[in-house]
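Have a look at the structure below before the remarks.
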Amino acid sequence: MADQTSFKERVKNTLIYMAPRYKYYFVNYEYLLCSKAFIKEPYYIVSAHGDNFRHLTGVNSSLRSDEFYEKALDGTLTEEDFDFIKRGQSEEQVKGSVRRKINVLPDIINIFSSGTKVYYYFTKNRGCCYFAAGKFTCTLGFSSSVPAKPMSLLKGNELDSAKSQNLDLVLRRPAGEPQFNEIIVGNNEILLKYLEQIRSLLSDDLLANLAPTNEEKANK
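For the sequence shown, my numbering gives the first residue as 162, with consecutive numbering after it.
Following this line, the structure appears as structure tokens:
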């Protein structure tokens with residue numbers, strides 16, 4: 162009979178697999194999000210760091226969050242580096258939570274895409290997030306910090322369908338850059354609707370693409 166992979170080994174393998182993908186999608190880039198669901202602010206900027214990674218996995222570790230992430234990133238994370246022991250919860254409860262999280266952890270790299278719904282001030286169980294983004298397989302909650310950071314991952318779309326709204330526009334920039342230069346979700350027409358609030362955050366190239374051509378001017 163073939164050897165069976167233990168649950169803990171499966172968790173470790175998933176974390177090592179996902180760490181570089183999390184780095185590319187969330188650490189290397191920052192995102193500007195616009196939606197009618199955002200009733201307090203006209204937009205939110207999301208900027209993640211490596212030390213946000215462990216919290217999304219649900220595991221417990223004596224390592225600092227940044228150390229945990231770096232070990233997952235370079236492939237040296239071991240089964241001794243984490244456990245399923247948390248105050249107020251049984252080990253089986255923690256394992257159940259971790260199981261649900263790692264099953265959908267790969268899906269977070271598509272959270273900012275067409276069809277995503279967002280909801281302001283999302284609460285679930287004992288957790289509360291400033292806003293959350295949800296697709297069919299997962300819900301990702303974000304902190305109230307400026308910029309916002311990913312802080313909670315749930316399996317399935319847990320957003321209230323009657324209250325959540327489309328993620329209308331997502332712009333992206335390399336982390337640390339001052340201006341957003343790429344449209345990920347939406348188009349120029351949608352960008353124009355939010356232009357007044359976000360103009361100062363846009364690159365010259367994006368703004369140039371919004372300018373009407375001479376032919377369009379002549380036809381007006």
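Note that the Cβ used here is the ideal one computed from N, Cα and C, for glycine as well.
Close Cβ partners of residue i (< 8 angstroms) along its chain, the five nearest in sequence each way excluded
i      : result
ASN189 : PRO335 and ALA336
ASP321 : TYR280
PRO308 : GLU191, TYR205, ILE206, VAL207 and SER208
Option in the options with minimal Cα separation from residue i
i      : options                           : result
LEU332 : GLU240, ARG360 and PHE229         : ARG360
ILE206 : LEU194, LEU368, TYR355 and ASN349 : LEU194
TYR183 : TYR355, GLU170, GLU231 and ARG225 : GLU231
GLY236 : SER196, LEU314, LEU224 and LYS173 : LYS173
PRO339 : PHE245, LEU362 and ASN327         : LEU362
GLU191 : LYS296, PHE273 and LEU352         : PHE273
SER275 : GLY347, SER306 and GLU357         : GLY347
TYR355 : GLN165, GLU202, ARG260 and SER304 : GLU202
ARG171 : LYS247, TYR185, THR239 and PHE303 : THR239
ASP242 : GLN254, GLY249, LEU224 and ARG248 : LEU224
LEU217 : LYS296, GLN358, PHE303 and LYS247 : PHE303
PHE214 : ASN318, PRO267 and LEU352         : PRO267
Cut-off 6 angstroms between Cβ atoms - residues of its own chain near residue i, not counting five sequence neighbours on either side
i      : result
VAL265 : THR298, CYS299 and LYS316
ALA233 : LEU176, ILE177 and ALA180
CYS289 : Unreliable positioning characterises CYS289 in this predicted model, as indicated by a pLDDT of 46, which lies under 50. The coordinate reading is nonetheless provided below. Excluding positions up to five away in sequence, the list is empty.
ILE269 : LEU301
GLN165 : none
THR277 : ALA294, LYS296 and LEU328
Beta-carbon gap between residue i and residue j smaller than 8 angstroms
i      : j      : result
ALA198 : PRO311 : no
LEU144 : ALA294 : Beyond the ends of the chain as shown, which are 162 and 381, falls residue 144; an answer cannot be given.
SER114 : ASP212 : The chain is shown from 162 up to 381; residue 114 falls before or after that span and cannot be answered.
GLN358 : SER196 : no
Contacting residues, own chain, Cβ-Cβ under 7 angstroms from residue i (five flanking each side not counted)
i      : result
ILE200 : TYR281
ASP366 : ASN342
LEU324 : Note on identity: in this sequence residue 324 is Lys, with Leu being the wrong assignment. Cβ within range, chain order: TYR280.
PHE187 : ALA209 and PRO311
ARG287 : The predicted model places ARG287 with a pLDDT of 48, which falls under 50 and marks its position as unreliable; any figure quoted below should be read in that light. Excluding sequence neighbours, ARG287 sits near nothing in its chain.
CB-CB length for residue i against residue j, believed under 8 angstroms
i      : j      : result
LYS256 : PHE168 : 7 angstroms
SER258 : GLY219 : 5 angstroms
LEU371 : ASN349 : 6 angstroms
LEU352 : LEU330 : 6 angstroms
LYS247 : ASN221 : 5 angstroms
Entirely within the segment 333-381 and at least 3 residues each: give me those beta strand (DSSP E) ranges in chain order. 343-346
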